[in-house]
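Colleague: Start counting the sequence shown at 1; every next residue gets the next number (full-length UniProt numbering).
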Amino acid sequence: MTVAGAGLNASNIDQVDLIARAVQMNAAVYAKNLNVITGASQVNRDTLAATPIAGEGPAPAVAIDVGQLGGMYSNRIFLASNENGVGVANAGTIAAQAGDLTLQVNGRLVLTGRTTASGNLALSAAGGIQNSGTTYAQQSLSASTSADLTNSGTLAAQQNTTVNAGSVNSTGTLGAGVNNDGSVARSGELKLTASGQLSAIGRNVAGGNASLTGGSVNLAGSQTAANGNLSLNATSGDMNLSNATTSAQGAVTANATGTVINDRGNLSSGAGTTLAVGSLSNQGGKVSSQGALSVTAAGQIANQSGELVSQSTMNMHGGTLANNQGTIQSAAGMTVAGVSVDNTAGRITSLNGDGLSITATGQLTNAAGTTANGAQGGVIGGNGAVTVQGGNVANHGRITSNANLRVSGQSVDNGRGTLQAAQNVAVDAGARLTNDGGSIVGQTAALSGTTLDNRAGTVQAGQLSLNATDLANHAGTITQTGTGAMAVNVSSTLDNSGGGTLQTNSTDLTLAPASLINDGGTITHAGNGTLTRTCRRCTNR
1 MTVAGAGLNA SNIDQVDLIA RAVQMNAAVY AKNLNVITGA SQVNRDTLAA TPIAGEGPAP
61 AVAIDVGQLG GMYSNRIFLA SNENGVGVAN AGTIAAQAGD LTLQVNGRLV LTGRTTASGN
121 LALSAAGGIQ NSGTTYAQQS LSASTSADLT NSGTLAAQQN TTVNAGSVNS TGTLGAGVNN
181 DGSVARSGEL KLTASGQLSA IGRNVAGGNA SLTGGSVNLA GSQTAANGNL SLNATSGDMN
241 LSNATTSAQG AVTANATGTV INDRGNLSSG AGTTLAVGSL SNQGGKVSSQ GALSVTAAGQ
301 IANQSGELVS QSTMNMHGGT LANNQGTIQS AAGMTVAGVS VDNTAGRITS LNGDGLSITA
361 TGQLTNAAGT TANGAQGGVI GGNGAVTVQG GNVANHGRIT SNANLRVSGQ SVDNGRGTLQ
421 AAQNVAVDAG ARLTNDGGSI VGQTAALSGT TLDNRAGTVQ AGQLSLNATD LANHAGTITQ
481 TGTGAMAVNV SSTLDNSGGG TLQTNSTDLT LAPASLINDG GTITHAGNGT LTRTCRRCTN
541 R
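Here is the structure:
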């Protein structure tokens with residue numbers, strides 16, 4: 001059947017049924033209710049139900065073909081292509097002007113023109129859906145295919161948009177809650193689901209919530225925004241958000257069995273953010289959350305030159321954490337845990353008094369430098385209590401607290417570093433505490449380790465407690481400014497030679513190592529009590 005010339009104006013008839021094996025539209029058809037049934041089949045006149053039969057001759061390439069000059073204009077439109085493998089193409093206009101539009105295709109559905117409905121728009125195609133035109137519903141839109149869906153045009157609805165496909169490849173616009181003028185409303189849910197890859201690298205918008213799910217998810221370079229919550233799910237692969245702007249005014253949730261890649265991307269939420277991933281790469285990227293930020297990674301968290309920022313609490317658990325020249329910051333309490341933590345030239349800070357805890361079962365490194373945004377790096381600090389624990393802790397930067405600070409490890413190396421607290425500093429160094437050229441300062445300080453090495457270092461507190469087998473203080477300074485009891489519990493060798501200074505205002509001071517070496521050193525007791533020295537071997541040349 002072919003419609004050509006002046007077309008067909010049946011707008012004064014309640015219902016028009018066009019039934020043929022194939023229909024070619026080269027002109028306009030007007031009707032109140034239009035049904036187009038194609039394919040080799042028997043059609044029930046009353047219900048329009050089609051029963052497939054064997055066709056005569058070869059099947060047409062396209063069952064319904066609307067040319068550029070063709071069109072369908074009706075209150076409600078129902079199009080069905082029932083012949084297996086035979087598709088539908090619209091290069092013209094199909095418009096349901098006062099109701100729903102339904103397209104059911106046994107082959108491939110190709111939309112290069114305008115396909116619109118004032119009601120709901122439903123697309124289903126066994127052989128895939130290809131849209132490079134404008135496909136829009138003033139109510140809701142659904143698109144379903146077990147094959148691929150490609151979109152380089154606009155696929156949107158004023159209410160909800162739902163896509164289910166074997167795979168999705170979109171470089172155009174996918175939207176829900178989109179008004180006629182292109183503006184985005186405050187409602188309308190966008191739900192995209194692919195059993196294989198979901199690639200939506202164009203513009204993806206939702207007036208309400210948005211959910212994007214695929215085996216792998218590629219949003220690289222895209223603009224994705226939801227006025228509600230945003231849920232991203234890669235069920236069997238990676239999620240690529242690199243160079244993308246991904247945002248929600250509500251909460252953001254991203255789940256991936258593989259790696260979430262936000263390199264040079266911007267992921268933001270107006271509420272909480274939860275990332276549950278195999279690994280996270282945020283190199284040069286930014287993740288910002290107005291609510292709590294939670295990151296859980298089985299593997300690496302790579303935040304080199306990146307930013308992970310929360311205006312609330314932050315919880316981060318991973319295998320290895322690399323924050324070289326990066327920024328990790330929370331406005332409230334923060335917990336960071338991993339196999340290893342590298343904060344070379346980076347910043348890990350908690351801005352309020354709720355506390356900061358960093359734990360590494362292996363190496364924990366904090367080294368000075370400058371972050372990617374120009375701030376002082378090699379900084380771990382909080383306005384509340386700060387706890388730093390590692391298998392081995394190497395601090396060549398600053399670890400500070402405006403309350404209490406506790407640092408512990410099998411060894412602690414504070415060479416040229418700073419450990420400072422407004423209240424109490426406690427360092428439990430296991431085998432060795434090295435403070436070579438470093439500084440340890442607090443209202444009180446308690447240092448313990450098998451060996452305490454303060455060569456050219458500074459230890460100062462109002463009240464001081466040292467517990468070690470051996471203490472080396474060559475050219476170092478150990479000072480207690482307060483009058484309370486000072487404990488220097490060194491059982492083997494206390495070596496204060498080579499310009500070392502041990503000084504206190506405590507009432508009494510007792511030194512009882514097995515060996516005391518003070519050659520060229522100074523031990524000063526300025527308190528009102530007594531200085532007691534007992535040692536089997538003492539030198540004071």
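Idealized CB from N, CA, C, for every residue including glycine. Note that the coordinates shown come from a computational prediction; the quantities given were computed from them, not determined experimentally.
1) Out of G87, A210, N180, which one is the CA nearest neighbour of V163?
2) Run through the stretch 88 to 113 for me and flag every whole beta strand (DSSP E) of 3 or more residues, listed as ranges in chain order.
3) Quick check: the Cα distance between M72 and Q138, rounded to an integer number of angstroms?
4) Report the residue from S506, Y136, L405, Q283 whose alpha carbon sits nearest the alpha carbon of T161.
5) Suppose you measure from the CA of T171 to the CA of R203; what does that come to, to the nearest Å?
6) Quick check on this structure: which residue in R45, A375, N323, L433 has the alpha carbon closest to the alpha carbon of I358?
7) Taking the beta carbon of G5 as the centre, do at least 16 other beta carbons fall within 10 Å, making it buried, or is it exposed?
8) Look at the alpha carbon of Y30 and the alpha carbon of S11, and state the distance between them as a whole number of angstroms.
9) Who does S515 pair with in a DSSP beta bridge?
10) Would you list, in sequence order, the uninterrupted beta strand (DSSP E) runs of no fewer than 3 residues that lie entirely inside the stretch 141 to 214?
11) Could you give the DSSP three-state label for G67: helix, strand or coil?
12) Following the continuous beta strand (DSSP E) through H396, name the residue where it begins and the one where it ends.
13) Which residues does DSSP list as the beta-bridge partners of Q130?
14) Could you check the C-alpha separation between R455 and R541 for me, to the nearest Å?
15) How many Å lie between Q389 and V441 at the Cα?
16) Would you kindly work out how many angstroms separate the C-alpha atoms of N266 and G369, rounded to a whole number?
17) Identify which residue in L192, G346, T501 has its Cα closest to the Cα of A302.
18) My understanding is that N240 touches L219, with C-beta atoms under 8 Å, so please give their C-beta distance in whole angstroms.
19) Based on Cα-Cα distance, which residue from G128, G92, T93 lies nearest to Q104?
20) Could you spell out the range, first to last residue, of the beta strand (DSSP E) harbouring G381?
21) For L351, does the three-state DSSP call read helix, strand or coil?
22) Please confirm whether M72 has its beta-carbon closer than 8 Å to some beta-carbon of chain B.
23) Would the beta-carbon of L198 fall within 8 Å of that of V168?
24) Kindly list the residues whose CB is nearer than 6 Å to the CB of V110, restricted to its own chain and excluding five residues on each side of it in sequence; keep chain order.
25) My output table needs one value for residue 577: the three-state DSSP class, helix, strand or coil.
26) Quick one: using the 10 Å Cβ neighbour count with 16 as the cut-off for buried, is D46 buried or exposed?
27) I'd like to know whether the C-beta atoms of G215 and G188 end up nearer to each other than 8 Å.
28) For G318, which residues of its own chain have a beta-carbon under 6 Å away from its beta-carbon, when the five flanking residues on both sides are left out?
29) In or out: S183 buried (at least 16 other Cβ within 10 Å) or exposed?
30) Pull up the distance between the alpha-carbon of G482 and that of S401, whole angstroms please.
31) Are the stretch 223 to 231 and the stretch 258 to 265 touching by the rule of at least three beta carbon pairs closer than 8 Å?
32) Spatial neighbours of Q325 within its chain, please: C-beta separation below 8 Å, excluding the five flanking residues on both sides.
33) Please classify G462: does DSSP put it in a helix, a strand, or coil?
34) Below 8 Å between beta carbons: does that hold for I517 and T532?
35) Drop a sphere of 10 angstroms on the beta-carbon of T246, count the other beta-carbons inside from all chains shown, and report buried for 16 or more, exposed for fewer.
36) According to DSSP, simplified to helix, strand and coil, what is E83?
Modeller: According to the structure data:
1) Along the sequence shown, read from residue 1 onward, the residue named residue 163 stands at position 163. Nearest C-alpha to V163: A210.
2) Fully enclosed beta strand (DSSP E) runs of 3 or longer: 93 to 96, 101 to 105, 109 to 111.
3) Working through the sequence shown from its first residue, we reach residue 72 at position 72. Working through the sequence shown from its first residue, we reach residue 138 at position 138. Cα atoms of M72 and Q138: separation of roughly 17 Å, rounded to the nearest angstrom.
4) As a working mapping, residue 161 is identified with position 161 in the sequence shown. Of S506, Y136, L405, Q283, the residue nearest in Cα terms is Y136.
5) The residue labelled residue 171 in the question sits at position 171 within the sequence shown. The residue labelled residue 203 in the question sits at position 203 within the sequence shown. Looking at the two C-alpha atoms, the distance is approximately 7 Å.
6) Start at 1 with the first residue of the sequence shown, and residue 358 comes out as number 358. Closest option to I358, Cα to Cα, is N323.
7) Start at 1 with the first residue of the sequence shown, and residue 5 comes out as number 5. In summary, G5 is exposed, with fewer than 16 beta-carbon neighbours lying within 10 Å of its beta-carbon over all protein chains present.
8) To locate residue 30, count along the sequence shown from 1; it is residue 30. To locate residue 11, count along the sequence shown from 1; it is residue 11. When rounded, the distance between both Cα atoms is 5 Å.
9) Counting from 1 along the sequence shown, the entry for residue 515 is found at position 515. Per DSSP, T493, R537.
10) The DSSP assignment places 141 to 144, 148 to 151, 154 to 157, 161 to 165, 167 to 170, 173 to 176, 190 to 194, 197 to 200, 203 to 206, 210 to 214 as complete runs of the beta strand (DSSP E) inside the stretch 141 to 214, in order along the chain (cut-off: 3 residues).
11) Against the sequence shown, residue 67 aligns to sequence position 67. In the structure shown, G67 sits in coil (DSSP, three-state: anything other than H, G, I, E or B).
12) Mapped onto the sequence shown, residue 396 falls at position 396. DSSP places H396 in the uninterrupted beta strand (DSSP E) bounded by 386 to 396.
13) Taking the first residue of the sequence shown as 1, we reach residue 130 at position 130. Looking at the DSSP output, Q130 bridges to V110, T150.
14) For the purposes of this step, residue 455 is taken as residue 455 along the sequence shown, with counting starting at 1. For the purposes of this step, residue 541 is taken as residue 541 along the sequence shown, with counting starting at 1. If you take the alpha carbons of R455 and R541, they lie about 19 Å apart.
15) The residue labelled residue 389 in the question sits at position 389 within the sequence shown. The residue labelled residue 441 in the question sits at position 441 within the sequence shown. Rounded to whole angstroms, Q389 to V441 spans 18 Å at the Cα level.
16) The residue you call residue 266 lines up with position 266 of the sequence shown. The residue you call residue 369 lines up with position 369 of the sequence shown. Taking the straight line joining both Cα atoms gives about 24 Å.
17) Residue numbering aside, residue 302 sits at position 302 when the sequence shown is read from its first letter. It is G346.
18) Sequence index remark: in the sequence shown, residue 240 carries index 240 (1-based). Sequence index remark: in the sequence shown, residue 219 carries index 219 (1-based). Going by Cβ atoms, the distance from N240 to L219 rounds to 7 Å, so yes, they are a contact pair.
19) In the sequence shown, residue 104 corresponds to position 104, counting from 1. The residue with the shortest Cα to Cα distance from Q104 is G128.
20) Here residue 381 refers to the residue found at position 381 when the sequence shown is read from its first residue. Bounds of the beta strand (DSSP E) holding G381 are 379 to 382.
21) If you number the sequence shown from 1, residue 351 lands on position 351. L351: coil per DSSP, three-state reduction.
22) Protein chain content of the structure displayed is limited to a single chain, and chain B is not contained in it.
23) Position 198 of the sequence shown holds residue 198. Position 168 of the sequence shown holds residue 168. Against a cut-off of 8 Å, the Cβ pair of V168 and L198 comes out as a contact.
24) On the sequence shown, position 110 is the one that residue 110 refers to. Result list for V110: A89, Q130, in chain order.
25) With the chain covering only 1 through 541, there is no way to say anything about residue 577.
26) Here residue 46 is taken as the residue at index 46 of the sequence shown, counted from 1. Per the 10 Å Cβ criterion, exposed.
27) For this step, residue 215 is matched to residue 215 along the sequence shown. For this step, residue 188 is matched to residue 188 along the sequence shown. Cβ distance not < 8 Å, so G215 and G188 don't count as in contact.
28) Locating residue 318 in the sequence shown gives position 318, where the first residue counts as 1. A distance below 6 Å between beta-carbons, with the five flanking residues on each side excluded, links G318 to the following residues of its chain, in chain order: A297, I301, G338.
29) Against the sequence shown, residue 183 aligns to sequence position 183. Exposed, since its Cβ has fewer than 16 Cβ neighbours within 10 Å.
30) Position 482 of the sequence shown, counted from the start, is the residue given in the question as residue 482. Position 401 of the sequence shown, counted from the start, is the residue given in the question as residue 401. Using only the alpha carbons, I get a separation of about 21 Å.
31) Because the criterion of three Cβ pairs below 8 Å is not met, the stretch 223 to 231 and the stretch 258 to 265 do not touch.
32) The residue given as residue 325 occupies position 325 in the sequence shown. Excluding sequence neighbours, Q325 sits near Q304, S305, T344, A345, G346, G369, T370, T371, A372, G377.
33) Looking up residue 462 in the sequence shown gives position 462. Note: G462 maps to strand in three-state DSSP.
34) Translated into the one-based positions of the sequence shown, residue 517 becomes position 517. Translated into the one-based positions of the sequence shown, residue 532 becomes position 532. Taking 8 Å as the Cβ cut-off, I517 and T532 do not qualify as a contacting pair.
35) By one-based count along the sequence shown, residue 246 stands at place 246. Buried: at least 16 other Cβ atoms inside 10 Å.
36) The residue labelled residue 83 in the question sits at position 83 within the sequence shown. Coil, per DSSP.
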